[in-house]
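According to mature numbering (1 follows the signal peptide of the UniProt record, and there is no 0), the sequence shown holds residues -17 to -1, 1 to 430 in order.
To keep things clear, I will list the structure first and then write my remarks on it.
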Amino acid sequence: MILLPILTAFLVTRSGAIDLDLSSRDSICDAAALIQDGVLDYYEGTRYGGAVGMFVYPYYWWQAGHAFGALIDTWYLCGNDTYEQLIHDALMHQTGEGNDYMPKNQTMTEGNDDQGFWGLTVMAAAERNFTAPQDGPDWLALTQAVYNTMWERWDMEHCGGGLRWQIFTWNSGYNYKNTISTACLFNLAGRLARFTRNDTYVETAQIAYDWLVDIGFIVDSNGMARVYDGADIAENCTDIVHIEWTYNIGIMIGGAAYLYNFTEEQYWLDVTAHLVEGAKVFFRDGIMYERACQDGDNCNNDQRFFKGVFARCLGLTALLVPDLYDDIMPLLDTSASAAAQSCVGGIDGHTCGLNWEYDGWDGYYGLGEQVSALETIQSHLTPISPAPLTQENEGVAVGDVNAGLNTTRNELTYSDMNIDSGDVAGAAIVTAVVLLLAVGGAIWMVL
């Protein structure tokens, strides 16, 4: 995430480059294995005193959830079971007391989007028949708990709907309605609809999508959709932050693709196609980039993960919506090759960079860089792999439509939590960042 010392850079040579052949599954999986090892270099859970399911400071909880989703993809797409038990233990350890991915040690800063990303990961576990929990709810029930608790927070009182960024009133950003929170709910609803064949989830997805369009967070014009960041409720969500991030549009594309694959309705095909067309602004000379921050060299910790979210959703869309395969795959192929040639840094020779347009490693490193490169490279395998499973097609995960509804996590008070100095420091940092960005006319996303 920061520039490596110059001395380390001198130790790096192109001899450590990943030799990626996109026509070879073995080559892709060999590259994924190397980069996956780099992801786990940041893992805290196997270190003395470390928390299972968490990565080292300064990485946030949502980033851990997304990283484990990437590792599930590697497990499935490449049949690589090296970290299978580690992934399983991490997903189980972070479920929280209510089995809804709201663990008490995260509620000081947990937002709707944070919970949503863990929901997306356990949904993937259900769709891939990942190693089932030995005790307690199965992956599907855990996903339904996340969905149910998020849907309960749908806020009609302000801006006519949508989800707030934050869950709890004491967190900075509580009055901000961001696209990614509602997008996570939309994506989960689409996937649950397809997995369970329950049209109730389609209805939720439609409500979420319509609200995003009606409020102006999504603008679909002339066959191209743009997805913006969000707005504060103070002005009834009319003062929209017109910043575009890859993960916002990516999560929307993925959700729409699942809905089309399930319903086979022209409406959802059009929605998906328009979003994919809008997403092309995030490619320059065919290479994926984070256009809001990358050129200014000011992408923060969160933003360095976004391309991985985007790539995963594009790969799934190429599989679930065959009509869009030819639009998506050339962009993913070029980006995968560019990402691989950036993974030549560090002492190990396969540390990945941030700017894939740069010839070689650009000197940046971190968990986000590793995960984004991993997802982009292995996403090439998604369209040639079996589609995500459903309950009617070999999916064995057991569900519970009422999961999460008997918990009282939305009514937490300060006395329920063990607030330590780390929590206080984290909250202070979040507050400072939000205030600074508000002054600058922009809000950075996801805690």
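Every residue gets a Cβ at the ideal spot worked out from N, C-alpha and C, and that includes glycine.
Task: Buried or exposed (CB count within 10 angstroms, at least 16 for buried), His225 - done: Counted from its first residue, the sequence shown places residue 225 at position 242. That one is exposed.
Task: Distance cut-off 7 Å: Thr183 Cβ against heavy atoms of the ligand ZN - done: You won't find the ligand ZN in this model; it holds no ligand whatsoever.
Task: Cβ pair count under 8 Å reaching 3, the segment 99 to 112 against the segment 35 to 51 - done: yes
Open item on the list: Within 10 Å of its beta-carbon, does Ala217 have 16 or more other beta-carbons around it, so buried, or fewer, so exposed?
Closed with: Against the sequence shown, residue 217 aligns to sequence position 234. Classification for Ala217: exposed.
TODO: Drop a sphere of 10 angstroms on the beta-carbon of residue 478, count the other beta-carbons inside from all chains shown, and report buried for 16 or more, exposed for fewer.
DONE: Summary: the structure shown does not reach residue 478, with the chain confined to residues -17 through 430, and so no result is reported for it.
Open item on the list: Are the CB atoms of Leu74 and Tyr66 within a distance shorter than 8 Å?
Closed with: Within the sequence shown, numbered from 1, the residue matching residue 66 stands at position 83. Within the sequence shown, numbered from 1, the residue matching residue 74 stands at position 91. No.
Task: Beta-carbon gap between Gly261 and Thr317 smaller than 8 Å - done: Walking along the sequence shown from the start, residue 261 turns up at place 278. Walking along the sequence shown from the start, residue 317 turns up at place 334. Contact flag unset, no.
Open item on the list: I'd like the span of the beta strand (DSSP E) that includes Arg209, first residue to last.
Closed with: As a working note, residue 209 is residue 226 in the sequence shown. Arg209 -> beta strand (DSSP E) spans 207 to 210.
Open item on the list: So if DSSP puts Gln149 in a beta bridge, which residue, or which two residues, is it bridged to?
Closed with: Position 166 of the sequence shown, counting from 1, holds the residue named residue 149. According to DSSP, Gln149 bridges with Gly94.
- [ ] Give a yes or no on contact between the segment 304 to 315 and the segment 329 to 341, applying the rule of three or more CB pairs nearer than 8 Å.
- [x] no
Open item on the list: Taking only three categories from DSSP, how would you classify Ile311?
Closed with: Translated into positions along the sequence shown, residue 311 becomes position 328. DSSP places Ile311 in helix when its eight states are reduced to three.
Open item on the list: So, for Asn393: in the same chain, excluding its five sequence neighbours on each side, which residues have a beta-carbon less than 6 Å away from its beta-carbon?
Closed with: Taking the sequence shown and counting its residues from 1, the one referred to as residue 393 is at position 410. The predicted model places Asn393 with a pLDDT of 47, which falls under 50 and marks its position as unreliable; any figure quoted below should be read in that light. Same-chain partners within the cutoff: there are none.
- [ ] To the nearest angstrom, report how far apart Asp2 and Cys326 are at their CA atoms.
- [x] One-based indexing of the sequence shown puts residue 2 at position 19. One-based indexing of the sequence shown puts residue 326 at position 343. Going from the Cα of Asp2 to the Cα of Cys326 covers about 10 Å.
Open item on the list: I want to know whether the segment 105 to 113 touches the segment 173 to 185 - three or more CB-CB distances under 8 Å.
Closed with: yes
Open item on the list: Starting from Asp20, trace the alpha helix (DSSP H) in both directions and tell me its first and last residue.
Closed with: Stepping through the sequence shown from its first residue, residue 20 is reached at position 37. Unbroken alpha helix (DSSP H) run through Asp20: 8 to 23.
- [ ] Keeping to the same chain, check which residues put their C-beta closer than 8 Å to that of Gln277; ignore five residues upstream and five downstream.
- [x] Taking the sequence shown and counting its residues from 1, one reaches residue 277 at position 294. Around Gln277: Leu337, Asn338.
Open item on the list: Run through the DSSP bridge pairs and tell me what Asn376 is partnered with.
Closed with: Along the sequence shown, one-based indexing puts residue 376 at 393. The partner list for Asn376 (beta bridge, DSSP) reads Thr373.
TODO: Since I believe Leu299 is in contact with Asn315 (beta carbons under 8 Å), could you give me their beta-carbon distance rounded to a whole number of angstroms?
DONE: The residue labelled residue 315 in the question sits at position 332 within the sequence shown. The residue labelled residue 299 in the question sits at position 316 within the sequence shown. Checking the sequence, you will find Leu at residue 315 rather than Asn. Not really, about 11 Å apart at Cβ, beyond 8 Å.
Open item on the list: For Asp182, count the other beta carbons within 10 Å of its own beta carbon; 16 or more makes it buried, fewer makes it exposed. Which is it?
Closed with: For the purposes of this step, residue 182 is taken as the residue at position 199 of the sequence shown. It is exposed - the Cβ of Asp182 has fewer than 16 other Cβ atoms within 10 Å.
Task: Contacts around Gly238, its chain only, beta-carbon distance under 6 Å, and the 5 residues preceding and following it disregarded - done: By 1-based counting over the sequence shown, the position of residue 238 is 255. Same-chain partners within the cutoff: Phe169, Asn170, Gly173.
Task: Presumed contact (8 Å Cβ cut-off) between Ala128 and Gln361, rounded CB distance - done: On the sequence shown, position 145 is the one that residue 128 refers to. On the sequence shown, position 378 is the one that residue 361 refers to. With 8 Å as the limit, Ala128 and Gln361 do not qualify as a contact, their Cβ atoms being about 28 Å apart.
Open item on the list: Between Phe266, Ser355, Thr373, which has its C-alpha nearest His49's C-alpha?
Closed with: Here residue 49 refers to the residue found at position 66 of the sequence shown. The option with the nearest alpha carbon to His49 is Ser355.
TODO: Can you give me the Cβ contacts of Leu5 inside the same chain, cut-off strictly under 8 Å, excluding the 5 residues immediately before and after it?
DONE: Counting from 1 along the sequence shown, the entry for residue 5 is found at position 22. The residues are Ile11, Asp316, Ala319, Ser320, His363.
TODO: Note down, in chain order, each residue of its chain lying with its Cβ closer than 6 Å to the Cβ of Gly79, except the 5 sequence neighbours on either side.
DONE: As a first step, residue 79 is located in the sequence shown; it is residue number 96 there, counting from the start. The residues are Met85, Pro86.
- [ ] Given a cut-off of 8 Å, decide if Ala214 and Ile223 are closer than it, judged by their beta-carbon atoms.
- [x] Indexing the sequence shown from 1 puts residue 223 at position 240. Indexing the sequence shown from 1 puts residue 214 at position 231. For Ile223 and Ala214, yes; Cβs fall inside 8 Å.
Task: Those residues which DSSP pairs with Ser204 across a bridge - done: As a working note, residue 204 is residue 221 in the sequence shown. Met207.
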